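Counting the sequence shown from 1 gives a position; my numbering is that position plus 12. These notes concern the structure reproduced below.
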Amino acid sequence: MFETIRWRCYVHAADRRGAGRVVGHIEKLLPCPVEIVGHERYWKFPELAEVRLVTPLVRPTPEQALLTTLQWAWTIATPWSLLNPESGTHQEFEGIASVSAGARFSVAGVEWMEFTISDRHEDTTVDPQT
Numbered sequence: 013m014f015e016t017i018r019w020r021c022y023v024h025a026a027d028r029r030g031a032g033r034v035v036g037h038i039e040k041l042l043p044c045p046v047e048i049v050g051h052e053r054y055w056k057f058p059e060l061a062e063v064r065l066v067t068p069l070v071r072p073t074p075e076q077a078l079l080t081t082l083q084w085a086w087t088i089a090t091p092w093s094l095l096n097p098e099s100g101t102h103q104e105f106e107g108i109a110s111v112s113a114g115a116r117f118s119v120a121g122v123e124w125m126e127f128t129i130s131d132r133h134e135d136t137t138v139d140p141q142t
């Protein structure tokens, strides 16, 4: 079961409140709630904030999960590069959209965004990077 989409994005925002406004615009494009699970300055480019989000997915098969995720992701940006990083007992997919690679974002202020979906059970209340 694919339960959640984990999103990571780099946004132009001076503080957490500014990042929250960008996330609010992202949430308006999606048919589900968005929860911020992490926020910090991006060490490489201090003018950017790294924001980690989760959204519910709840799809039983990889095909349904990937199709739904792509439909939602394409409302935020186009195009996305897709990866299937591991083969084995678990299915996992990643997508990346970046302004530097020619992606166009529907939400002003987003420079780069990634999604990850997996059939591994994950605790989404605690972000391992914070």
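Note that beta-carbon positions come from the ideal geometry of N, C-alpha and C, so glycine has one too. Note that the coordinates shown come from a computational prediction; the quantities given were computed from them, not determined experimentally.
Considering only R18, T80, R28, the residue with the shortest C-alpha distance to R53 is R28.
For A61, the secondary structure class from DSSP, reduced to helix, strand or coil, is strand. In the structure shown, A89 falls within a strand segment according to DSSP collapsed to helix, strand and coil.
Across the structure, L95 and F14 are spaced so that their CA atoms are roughly 16 Å apart. Assignment of P68 by DSSP, reduced to helix, strand and coil, places it in the strand class. By the beta-carbon neighbour count (other beta carbons within 10 angstroms, threshold 16), G107 is buried.
Counted as a single uninterrupted DSSP element, the alpha helix (DSSP H) harbouring H37 occupies residues 28-41. In this structure, the alpha-carbon of G50 lies about 21 Å from that of F105. Look at T16 here: in three-state DSSP terms it is strand.
Per DSSP, the beta-bridge partners of A109 are M125. Non-local beta-carbon contacts of A85 in its own chain, meaning distances under 7 Å to residues more than five positions away in sequence, involve W92, G107, F127 in chain order. For H51, the uninterrupted beta strand (DSSP E) run begins and ends at 47-53, by DSSP. A check of alpha carbon separations from A25 across G114, T87, A61, I38 identifies A61 as the nearest.
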